[in-house]
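Down below is the structure, laid out as structure tokens.
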Amino acid sequence: MSEYSPLPVPPMSIRFDPAAGTLSPEGPTLTRRMSDLEGLFRDRAAWEQAVADGDPVVYSVVSSQVPEVDRELPQSITTIQPGATGGELWMTKGHQHPNHQGEIYLGISGRGGLLMFDGAETRWVEMTPGTIGYMPPGWAHRSINIGSEPYSFLAVYPGGAGHDYGWVLEHGMGLRVLAATDDNTAANGNTGTDTGVEFVAYSGD
Ligand code: M6P
Ligand code: ZN
């Protein structure tokens, strides 16, 4: 017999449509515009200009009906639009789990990157359809669209993990991910899958 009672949601089937990037039945949808990303881009003037120029949607997060409650296992699909502001590729806010719990992302469509930072070291996982990126407990995480199409991924995470955005504002993410110019791509010796992306340290801000 379950010791977890009452159950907030019953056992259920959730339809995952990778082509449409939907979960059904659907839960809440979160839309993040440029104005929601204050303090995150290196070039504040470029960020202000982008907000003034129509405040575009940078990403959206559609959730299933499984709630963000301790011991539940919610899922969501995040879609990041392609773009760059001040040369910095469009990205999620990024967060740390206050409770230090793990999470997985599954690449669905487009090309992205998963940037992880534990306060000292950074890790980069390139995400294409079918890639599972694993975030261990204690690693803050941010997703970046590194392609020219929308980048979508499925997230599965403990319902009690929480989202600490202040941690990222305080500590940064170790690296920033820029759209590489021809010049610095050659200078960095980037080839193959990293072509088009340049990493710079937060510490240079
Ligand atoms: C994924 C999950 C969510 C998260 C979302 C957007 O779907 O990690 O928990 O909310 O990405 O990321 P952020 O919260 O950093 O804006
Ligand atoms: Zn998370």
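Numbering (full-length UniProt numbering), first residue to last: 1 to 205. Backbone N, C-alpha and C define an ideal beta-carbon position, used for all residues, glycine too.
Chain C within 8 Å of residue i, Cβ atoms only
i           : result
residue 136 : Looking at the structure shown, chain C is missing, and only one protein chain is on hand.
Rounded separation between residue i and residue j - CA only
i           : j           : result
residue 18  : residue 108 : 6 Å
residue 169 : residue 98  : 14 Å
residue 80  : residue 60  : 7 Å
residue 53  : residue 33  : 12 Å
residue 117 : residue 172 : 8 Å
residue 56  : residue 90  : 11 Å
residue 47  : residue 10  : 43 Å
residue 106 : residue 131 : 6 Å
residue 23  : residue 123 : 29 Å
residue 155 : residue 100 : 16 Å
residue 104 : residue 127 : 12 Å
residue 146 : residue 177 : 9 Å
residue 179 : residue 163 : 27 Å
residue 148 : residue 72  : 35 Å
residue 125 : residue 114 : 5 Å
residue 110 : residue 150 : 6 Å
Identity of the residue in the options nearest residue i by Cα
i           : options             : result
residue 83  : 144, 20, 63 and 68  : 144
residue 197 : 128, 88 and 159     : 88
residue 152 : 38, 101, 112 and 95 : 112
residue 25  : 56, 46, 50 and 76   : 76
residue 21  : 201, 64, 41 and 173 : 64
residue 165 : 46, 36 and 29       : 36
residue 159 : 16, 30, 69 and 150  : 69
residue 78  : 95, 56 and 31       : 31
residue 27  : 137, 131, 41 and 74 : 74
residue 135 : 110, 86 and 94      : 94
residue 12  : 104, 85 and 66      : 66
residue 120 : 202, 14 and 110     : 202
residue 38  : 92, 96, 8 and 15    : 92
residue 44  : 16, 86 and 72       : 86
residue 102 : 29, 161 and 41      : 161
residue 15  : 62, 40, 42 and 41   : 62
residue 175 : 58, 40 and 157      : 40
Limits of the alpha helix (DSSP H) - the one that residue i falls within
i           : result
residue 51  : 44 to 52
residue 59  : Run containing residue 59: none in the alpha helix (DSSP H); it sits in the beta strand (DSSP E), 57 to 64.
residue 168 : 165 to 171
First through last residue of the beta strand (DSSP E) which encompasses residue i
i           : result
residue 27  : 26 to 33
residue 17  : 15 to 17
residue 124 : 122 to 127
residue 114 : 112 to 117
residue 9   : Residue 9 -> no beta strand (DSSP E), and no H or E assigned at all.
residue 179 : 175 to 179
residue 135 : 132 to 135
residue 145 : 140 to 145
residue 37  : Careful: residue 37 lies outside any beta strand (DSSP E) and carries neither H nor E.
residue 78  : 75 to 80
residue 201 : 197 to 201
Next on the checklist: Does the structure place the stretch 132 to 142 close enough to the stretch 41 to 58 that three or more beta carbon pairs sit under 8 Å?
Outcome noted: Contact check between the stretch 41 to 58 and the stretch 132 to 142: fewer than three CB pairs, one atom from each, fall below 8 Å, which does not count as touching.
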